[in-house]
Amino acid sequence: MDPMSTRLERTHASPDAPSSGPGMRGVSVTRIEYDILDDVVRAMRAAPDDAYWARRLLDLVRDPVAATRLRSHIVTAVARWVAHDPSFFVHERYLSEQLAVWAWPREVLEDLDAELKLEDRSLTHLVMGRLWLEARRPPEDVPEFYARAARHLREVEPRLQVGTWHEAMCEALGVADPDELARRADAILDTAAPSARDRALLAILRGAARAGNWALYDAHRRAYGALDHEGVRMDSELVRLDGQRAEQTLGARMPVPTFKRKRSPIAMTPVQPGTEAPDAATVRPPSRPR
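All residue numbers for the sequence shown refer to the working numbering, where the first residue is 101 and numbers rise by one.
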């Protein structure tokens, strides 16, 4: 049995049927397969005020098939968890890994967007903005997913523009609306806490490089470097972005060479009929004397 499967087996003893084996005379063991997810759903229904089962369900849903089957229960689980621990959705940076949002197909996000109605409307927008940003998506749907995330994150009130909001907002705008990112980048950074400023700056650098706005990239690259007084803050993504910037600068300094003298076209002389070269005769070597 797959160790990662959520399906287990229970044993049921029946004294009426014969069985083999020492100590098992007169006892039959039948295996009844059941699903842990079904047990968790039943526990959620039996204890609507217990957030543990909501978290347990989200921990177990790790594939698109299970997520599609439990779409309505995922909406209920997210609503209960947010009501129990809203700070998790405000401050947890790696939301996709914690909730396995990467396993949720588009239909789950659509249901959440339509049915998740928290008492705090601003918190609803924050949660949905982050979920759209972290969701499973094919490459062709990335602009739409990021646009929906940006639309929700714009509605978040200043009191909840803390934690991961700055990074999420810059990340969404970097794809959905690079021009708005260029206009609002400084204003967004001004409200970011020191602990969140570097991540927001990195999101701005990603968006600027993706849009080819190198003036915005250079300005905020200097700001990112100012955070690192010892020159040790460097990761692979920043190296990649700096390499992309250097490649663009090198290409601008070395334009494609052009030929000053125009090349004259080569005139083709048509072959007159009857002047074709005759087929070459096949020359065979002389036979060896026997």
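Just so you know, even glycine gets a beta-carbon here, dropped at the ideal spot from N, CA and C.
Worksheet item: Counting pairs of Cβ atoms below 8 Å between the region 212 to 229 and the region 134 to 154, do you hit three or more?
Response: no
Worksheet item: Do V262 and A293 have their C-beta atoms within less than 8 Å of each other?
Response: Numbered from its first residue, the sequence shown carries residue 262 at position 162. Numbered from its first residue, the sequence shown carries residue 293 at position 193. A contact, by the Cβ cut-off of 8 Å.
Worksheet item: Which value, in whole angstroms, describes the spacing of the CA atoms of A311 and A319?
Response: Looking up residue 311 in the sequence shown gives position 211. Looking up residue 319 in the sequence shown gives position 219. Those two C-alpha atoms are separated by around 15 Å.
Item to complete: Inspect the beta-carbon positions of W232 and R206 and report whether they are closer than 8 Å.
Response: Counting from one through the sequence shown, the residue named residue 232 turns up at place 132. Counting from one through the sequence shown, the residue named residue 206 turns up at place 106. Going by C-beta atoms, W232 is not nearer than 8 Å to R206.
Worksheet entry | Buried versus exposed call for D159 [16 or more other C-beta atoms within 10 Å across all chains shown] | In the sequence shown, residue 159 corresponds to position 59, counting from 1. Classification for D159: exposed.
Worksheet item: Run through DSSP, which three-state label would D135 get?
Response: Stepping through the sequence shown from its first residue, residue 135 is reached at position 35. Strand.
Discussion item. Relative to the C-alpha of Q348, which candidate in H191, A308, R322 has its C-alpha closest?
Written reply: Sequence index remark: in the sequence shown, residue 348 carries index 248 (1-based). If we check each option's Cα against that of Q348, A308 comes out closest.
Item to complete: State buried or exposed for I132, treating a residue as buried only when at least 16 other CB atoms are found within 10 Å of its CB.
Response: As a position in the sequence shown, residue 132 is number 32, starting the count at 1. Reliability of the predicted coordinates at I132 is poor, the pLDDT of 49 falling under 50, and the value obtained from them is presented with this limitation in mind. Counting Cβ neighbours within 10 Å, I132 comes out exposed, since fewer than 16 surround it.
Fill in: Status (buried if at least 16 other CB within 10 Å, exposed otherwise) for L350
Indexing the sequence shown from 1 puts residue 350 at position 250. L350 comes out exposed.
Worksheet item: Are there 16 or more other CB atoms within 10 angstroms of the CB of G274, so buried, or fewer, so exposed?
Response: Here residue 274 is taken as the residue at index 174 of the sequence shown, counted from 1. So G274 counts as buried.
Worksheet item: What separation, rounded to the nearest whole angstrom, lies between the Cα atoms of F141 and T224?
Response: If you number the sequence shown from 1, residue 141 lands on position 41. If you number the sequence shown from 1, residue 224 lands on position 124. Before going further, note that residue 141 is Val rather than Phe in the sequence given. So the alpha carbons of these two residues sit roughly 23 Å apart.
Discussion item. Is it the case that the region 200 to 217 contacts the region 276 to 285, given that we only count it when at least three CB pairs across the two stretches are under 8 Å?
Written reply: no
Discussion item. Taking 7 Å as the limit between beta carbons, can you name the residues of its chain near A166, skipping five residues before and five after?
Written reply: For the purposes of this step, residue 166 is taken as residue 66 along the sequence shown, with counting starting at 1. Within the same chain, A166 has close Cβ partners L137.
Worksheet item: Going by the CB atoms, is the gap between E219 and L195 shorter than 8 Å?
Response: Looking up residue 195 in the sequence shown gives position 95. Looking up residue 219 in the sequence shown gives position 119. Cβ distance not < 8 Å, so L195 and E219 don't count as in contact.
Discussion item. What does the alpha-carbon distance come out to for the pair R306 and P148?
Written reply: Here residue 306 is taken as the residue at index 206 of the sequence shown, counted from 1. Here residue 148 is taken as the residue at index 48 of the sequence shown, counted from 1. Roughly 42 Å between the two C-alpha positions.
Worksheet item: Hey, quick one: how far does the alpha helix (DSSP H) through Q261 stretch, first residue to last?
Response: Residue 261 sits at position 161 when you count from the first residue of the sequence shown. Premise fails: Q261 is in no alpha helix (DSSP H) and is neither H nor E.
Discussion item. Within 10 Å of its beta-carbon, does M101 have 16 or more other beta-carbons around it, so buried, or fewer, so exposed?
Written reply: Sequence index remark: in the sequence shown, residue 101 carries index 1 (1-based). Per-residue confidence for M101 stands at a pLDDT of 44, beneath the threshold of 50, marking its modelled position as unreliable; the derived number appears in the next sentence. Exposed is the call here.
Worksheet entry | Buried versus exposed, by CB contacts within 10 Å (16 or more), E215 | Numbered from its first residue, the sequence shown carries residue 215 at position 115. So E215 ends up on the exposed side.
Item to complete: Tell me where the alpha helix (DSSP H) around L302 begins and ends.
Response: Here residue 302 refers to the residue found at position 202 of the sequence shown. Run containing L302: 294 to 311, per the alpha helix (DSSP H) assignment.
Discussion item. My output table needs one value for E271: the three-state DSSP class, helix, strand or coil.
Written reply: Looking up residue 271 in the sequence shown gives position 171. Here E271 sits in helix by DSSP.
Worksheet item: When the Cα atoms are used, what is the spatial distance from S336 to L170?
Response: Here residue 336 refers to the residue found at position 236 of the sequence shown. Here residue 170 refers to the residue found at position 70 of the sequence shown. Their Cα atoms are separated by approximately 38 Å.
Practice prompt. Since I believe L260 is in contact with V190 (beta carbons under 8 Å), could you give me their beta-carbon distance rounded to a whole number of angstroms?
Written response: One-based indexing of the sequence shown puts residue 190 at position 90. One-based indexing of the sequence shown puts residue 260 at position 160. About 7 Å; that satisfies the 8 Å criterion.
Worksheet item: Rounded to whole angstroms, how far is the Cβ of A272 from the Cβ of A296, which I believe are closer than 8 Å?
Response: To locate residue 272, count along the sequence shown from 1; it is residue 172. To locate residue 296, count along the sequence shown from 1; it is residue 196. Actually they are not in contact, since the Cβ atoms of A272 and A296 sit about 15 Å apart, beyond 8 Å.
Discussion item. Residues in the same chain with beta-carbon distance under 6 Å from R145, minus the five sequence neighbours each way, listed in chain order, please.
Written reply: Taking the sequence shown and counting its residues from 1, one reaches residue 145 at position 45. Closer than 6 Å at the Cβ level, and outside the excluded window around R145, lies no residue.
Worksheet entry | H266 versus T168 - alpha carbon distance | The residue given as residue 266 occupies position 166 in the sequence shown. The residue given as residue 168 occupies position 68 in the sequence shown. Approximately 31 Å between the Cα atoms of the pair.
Worksheet item: For V161, which of helix, strand or coil comes out of DSSP?
Response: For the purposes of this step, residue 161 is taken as residue 61 along the sequence shown, with counting starting at 1. V161 falls in the coil class under three-state DSSP.
Item to complete: Quick one: grab the DSSP three-state call for E192.
Response: Locating residue 192 in the sequence shown gives position 92, counting from the first residue. Coil.
Worksheet item: Roughly how far, in whole angstroms, is the beta-carbon of L301 from the beta-carbon of Y324, given that I think they are within contact range, below 8 Å?
Response: As a first step, residue 301 is located in the sequence shown; it is residue number 201 there, counting from the start. As a first step, residue 324 is located in the sequence shown; it is residue number 224 there, counting from the start. At roughly 5 Å, the Cβ-Cβ gap stays under 8 Å, so L301 and Y324 are in contact.
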